[in-house]
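Residue 39 in our numbering is what sits at position 28 of the sequence shown, and the numbering runs on without skipping anything.
Ideal Cβ placement from N, Cα and C applies to all residues, glycine included.
Bear in mind that the values here come from a model prediction, so they are computed numbers and not experimental data.
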Amino acid sequence: MCQAGGLRKLLFTLPRKHLSRKCGLEISPSTQIGEGFYIGHPYGITVNAGAKFGRNVNIHKGCTIGQENRGHRKGVPTIGDRVYLGINSTVAGNVTIGNDVFIASNTFVNQDIPDHSIVIGNPCKIIETDNATEGYIINLV
Numbered sequence: 012m013c014q015a016g017g018l019r020k021l022l023f024t025l026p027r028k029h030l031s032r033k034c035g036l037e038i039s040p041s042t043q044i045g046e047g048f049y050i051g052h053p054y055g056i057t058v059n060a061g062a063k064f065g066r067n068v069n070i071h072k073g074c075t076i077g078q079e080n081r082g083h084r085k086g087v088p089t090i091g092d093r094v095y096l097g098i099n100s101t102v103a104g105n106v107t108i109g110n111d112v113f114i115a116s117n118t119f120v121n122q123d124i125p126d127h128s129i130v131i132g133n134p135c136k137i138i139e140t141d142n143a144t145e146g147y148i149i150n151l152v
């Protein structure tokens with residue numbers, strides 16, 4: 012007899028393994044993901060199992076949500092609600108990304124980002140603004 016937990020694991024594992032091989036999409040079943048999570052293009056995305064995502068997060072190809080193994084930022088990111096992660100962006104370490112944050116393509120983030128911000132570049136530059144993600148977040152719930 013199949014237990015509910017085992018069936019859920021099987022139903023999640025099969026498509027995940029297929030997407031991992033075909034697209035390079037690596038998201039652990041243990042990752043905490045809020046409602047409205049949207050993957051724009053599921054290619055080359057790596058998410059650490061300990062990462063936490065709020066509601067209505069949009070992530071695009073080439074993104075890495077990773078861990079730092081030493082120093083004062085040792086750990087994994089926590090990402091707030093209504094966050095847009097552009098193509099090839101990286102968020103690493105024990106950092107908190109606030110709500111309504113737009114992280115531009117090719118941006119490297121290893122520091123806390125306040126609510127209502129646009130983040131650009133490497134090293135990242137923070138521009139605080141109202142409605143930072145307006146028109147960018149798809150699949151709002």
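Beta-carbon spacing of residue i, residue j below 8 angstroms
i	j	result
V106	D123	yes
G51	H71	yes
N150	G47	yes
I38	K63	no
D92	G146	no
V87	V68	no
Endpoints, the beta strand (DSSP E) within which residue i is located
i	result
F113	V112 to I114
T101	T101 to A103
G77	T75 to G77
V130	S128 to I131
C139	A small correction: the amino acid at residue 139 is Glu; Cys does not occupy that position in the sequence shown. Note, E139: beta strand (DSSP E), K136 to E139.
L96	V94 to L96
Strand pairing of residue i, partner residues [DSSP]
i	result
Q43	K63
G8	Outside the displayed range of the chain (12 to 152) lies residue 8, so it cannot be described from this structure.
F119	T101
Could you check whether the region 82 to 101 touches the region 109 to 124, counting it as contact only if at least three pairs of C-beta atoms, one from each stretch, sit closer than 8 angstroms? yes
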